[in-house]
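Engineer: According to this note's numbering, the sequence shown is numbered sequentially starting from 30.
Cβ coordinates follow ideal geometry from the N, Cα and C atoms, glycine included.
Fair warning: this is a prediction, and the values are worked out from it, not measured in the lab.
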Amino acid sequence: DQPINLKLLEAFLSRQGYHVATANAGDEALDQARTMTPDAILLDIWMPGMDGFTVCEKLKTNSLTHDIPVLFVTSNTDAEAKIKGFEVGGADYVTRPFELEEVLARLEYQLRLRTLRKRLAAQNEALQRKMQGQRHKAQKYQQFFEQAVDGMYQISTDGEYLEINPALANIYGYASVEEMLLAISNDVAKLYVDGDRYRQFITSIQQAGRITNFESQVHRADGSIIWIAENARVAYDDSGKLLYYEGTVRDITQYK
Numbered sequence: 030d031q032p033i034n035l036k037l038l039e040a041f042l043s044r045q046g047y048h049v050a051t052a053n054a055g056d057e058a059l060d061q062a063r064t065m066t067p068d069a070i071l072l073d074i075w076m077p078g079m080d081g082f083t084v085c086e087k088l089k090t091n092s093l094t095h096d097i098p099v100l101f102v103t104s105n106t107d108a109e110a111k112i113k114g115f116e117v118g119g120a121d122y123v124t125r126p127f128e129l130e131e132v133l134a135r136l137e138y139q140l141r142l143r144t145l146r147k148r149l150a151a152q153n154e155a156l157q158r159k160m161q162g163q164r165h166k167a168q169k170y171q172q173f174f175e176q177a178v179d180g181m182y183q184i185s186t187d188g189e190y191l192e193i194n195p196a197l198a199n200i201y202g203y204a205s206v207e208e209m210l211l212a213i214s215n216d217v218a219k220l221y222v223d224g225d226r227y228r229q230f231i232t233s234i235q236q237a238g239r240i241t242n243f244e245s246q247v248h249r250a251d252g253s254i255i256w257i258a259e260n261a262r263v264a265y266d267d268s269g270k271l272l273y274y275e276g277t278v279r280d281i282t283q284y285k
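In structure tokens:
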């Protein structure tokens, strides 16, 4: 910009508590932006060597400066120039003559937006890290669940299997998880030789929140009967609502 206008803006913004650096040419502005990475850039269109549109385009293609808001401050009131200013990445377009307070208001608005974007980006990054960690934990748990020696399960409050592992299917004499789920359908209780035993199991776990070494006789796929010992607990959500029951099963027939 013209030296007198630069001095005027610099003095005004400095009085508002901003640290201001000025440049008289496009190349100089780019060098300063890459070196200082300012919070915002006020840019004229007409400058020696490189016009403001080109400067803005270069700023937006550089990873160090692409998110710095650029406000065009210029005497060019042409509509096409305004449109191009936004097309090349400008955040605002202020034409001269202008009120200094207006420039300040527009600048502070862009600074607030940038602060919010940074905060949102940081929150998003933290969320992505958390989700990645949760996915990793879920994968490790699923691997453990699938490879566990003991039978493992999740049962809904309606008595339906939500999930079982291969070891549980094997204990009950089924060739696969899918075969067992298909055979049992939606009635876990029918696995128990004594139907009341399943109801006792549910009542006990609801009252105590967890149960250990709960012994029962159950049917296998071939009609034979075995003894099992169950360890189980109630799973709640963050609000304290009961979600399901989960537990482990071990064949203890040889000890009977």
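How many angstroms separate the CA atom of E154 from the CA atom of V102?
Structural biologist: So the alpha carbons of these two residues sit roughly 34 Å apart.
Engineer: Given this structure, state the Cα-to-Cα distance separating D56 from S43, to the nearest angstrom.
Structural biologist: One C-alpha to the other measures close to 24 Å.
Engineer: If we count the other Cβ atoms within 10 Å of its Cβ and call it buried at 16 or more, is P77 buried or exposed?
Structural biologist: It is exposed - the Cβ of P77 has fewer than 16 other Cβ atoms within 10 Å.
Engineer: According to DSSP, what are the bridge partners of D121?
Structural biologist: Its beta-bridge partners are L100.
Engineer: Quick one: measure Cβ to Cβ for M181 and T66, integer angstroms, because I've assumed they're closer than 8 Å.
Structural biologist: Between T66 and M181 the Cβ distance is about 53 Å, and since that is not below 8 Å, they are no contact.
Engineer: Under 8 Å Cβ to Cβ from F115, same chain only, skipping five residues before and after it: list those, please.
Structural biologist: Excluding residues within five positions, the ones whose Cβ falls inside 8 Å are Y122.
Engineer: By DSSP, does D56 sit in helix, in strand, or in coil?
Structural biologist: The answer is helix: DSSP assigns D56 an H, G or I state.
Engineer: Hey, out of L142, D280, D179, whose CA is closest to D68's CA?
Structural biologist: Nearest option by C-alpha distance: L142.
Engineer: Between the C-alpha atoms of I49 and E39, what's the straight-line distance to the nearest angstrom?
Structural biologist: The amino acid occupying residue 49 in the given sequence is Val; Ile does not appear at that position. Distance between the alpha carbons of V49 and E39: 6 Å.
Engineer: From the DSSP output, read off the bridge partner residues of E275.
Structural biologist: For E275, which the question treats as bridged, DSSP gives the partners Q183, R262.
Engineer: Let me check one thing: in DSSP terms, what residues is L71 bridge-paired to?
Structural biologist: Paired residue(s): L100.
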